[in-house]
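Visitor:
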Amino acid sequence: MTQQREVIMSVIEASGRPLTREEIVKLGRQQIARLGSATVDRAIRDLVSNFQLIGVEFPGQPKRYEPPAEYAHPHFICRECEKVYDLPIKMQLPKIEPPVGFDISGGEVIYSGKCPDCR
Numbered sequence: 001m002t003q004q005r006e007v008i009m010s011v012i013e014a015s016g017r018p019l020t021r022e023e024i025v026k027l028g029r030q031q032i033a034r035l036g037s038a039t040v041d042r043a044i045r046d047l048v049s050n051f052q053l054i055g056v057e058f059p060g061q062p063k064r065y066e067p068p069a070e071y072a073h074p075h076f077i078c079r080e081c082e083k084v085y086d087l088p089i090k091m092q093l094p095k096i097e098p099p100v101g102f103d104i105s106g107g108e109v110i111y112s113g114k115c116p117d118c119r
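Below is the structure:
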């Protein structure tokens, strides 16, 4: 693993929450000033394909990345700063019967409000 990828992974792991590509670049540049956007893009793509990162997407939000979790968990979105946080709660989505013609590929429980920084 290159120094750049080590920094990218350490930034994501240290954050304790899913980060956008832009957040990864910004935080990574605090450790390597010349960390390039293309380098971050390649690293994210490779880390996702190797299952070292997963992408999480929420309606109206940019895609975020986090390490794979040990269990399914809900997320919290701050309505003020729009940061996303993991909630340390084990959960299991209920089984549902989708409408005819629908194919469900996943589900998400999302809570919202204000984070401590925005309260």
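Under the working numbering, the first residue of the sequence shown is numbered 1, with each subsequent residue one higher.
From the three backbone atoms N, C-alpha and C, an ideal C-beta is built for every residue, glycine too.
These numbers come from a predicted model, not from an experiment.
Take V25 as the anchor and find which of V40, P59, K63 and R17 has the nearest alpha-carbon.
Guide: When only C-alpha atoms are compared, the closest one is V40.
Visitor: My parser needs the alpha helix (DSSP H) runs of 4 or more residues fully inside the stretch 35-101; what are they?
Guide: Listed in chain order, they are 37-49.
Visitor: Counting only the same chain and skipping the five closest in sequence on each side, list residues whose C-beta sits under 8 Å from that of E66.
Guide: Only I12, R17, P18, L19, L53, I54, V56 and D86 meet the Cβ criterion.
Visitor: Mind reading off the beta-carbon distance from A43 to Q3? Whole number of angstroms is fine, and I expect it under 8 Å.
Guide: Rounded, the Cβ-Cβ distance is 11 Å, inconsistent with contact.
Visitor: Suppose contacts are defined by Cβ-Cβ distances below 8 Å. Is E70 in contact with C118 by that definition?
Guide: The answer is no: Cβ separation not under 8 Å.
Visitor: Look at the Cβ atom of E22, then the Cβ atom of F58, and state whether they are nearer than 8 Å.
Guide: No, they are not a contact pair.
Visitor: Using a Cβ-Cβ cut-off of 8 Å (strictly less than) and excluding sequence neighbours within five positions of I110, which residues of its own chain qualify?
Guide: Only F58, P74, H75, F76 and I77 meet the Cβ criterion.
Visitor: If we call anything under 8 Å between Cβ atoms a contact, is I8 one with G28?
Guide: Cβ atoms of I8 and G28: closer than 8 Å.
Visitor: Taking G113 as part of the beta strand (DSSP E), name the residues at either end of that continuous run.
Guide: Segment I110 to G113, the beta strand (DSSP E) holding G113.
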